[in-house]
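**Student:** Attaching a single structure in structure tokens format; questions to follow.
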């Protein structure tokens, strides 16, 4: 697991919430950013794929560093 990549991705997420989507063998971790004045709207601007098998470790890492993982339902294609 590349913890530096994960931390760089989520370090400035809005309200320290981290959206995560699951798709088959992958989980997508999102970087969120607020735009507009007065920065009320949240836009998702980047996602990075990690192995679904690492999801437990990712959630544990985020919890230990004060982030709130928000795991979405599996993506239905």
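Numbering (the working numbering), first residue to last: -15 to 61.
Ideal Cβ placement from N, Cα and C applies to all residues, glycine included.
Pull up the distance between the alpha-carbon of residue 47 and that of residue 29, whole angstroms please.
**Tutor:** The alpha-carbon atoms of residue 47 and residue 29 are separated by roughly 22 Å.
**Student:** In this structure, what does DSSP give as the bridge partners for residue 56?
**Tutor:** Note: residue 56 sits in no beta bridge, so no partner.
**Student:** For residue 5, report the span of its beta strand (DSSP E) as first-last.
**Tutor:** It spans 1 to 7 - the beta strand (DSSP E) in which residue 5 sits, taken as one unbroken run.
**Student:** Given a cut-off of 9 Å on the beta-carbon distance, is the pair residue 13 and residue 32 in contact?
**Tutor:** Contact: yes.
**Student:** Kindly identify the DSSP beta-bridge partner or partners of residue -6.
**Tutor:** DSSP, once it has assigned bridges, lists no residue as partnering residue -6.
**Student:** Do residue 37 and residue 9 count as a contact pair if the criterion is CB distance below 9 Å?
**Tutor:** Result yes, Cβ atoms of residue 9 and residue 37 sit closer than 9 Å.
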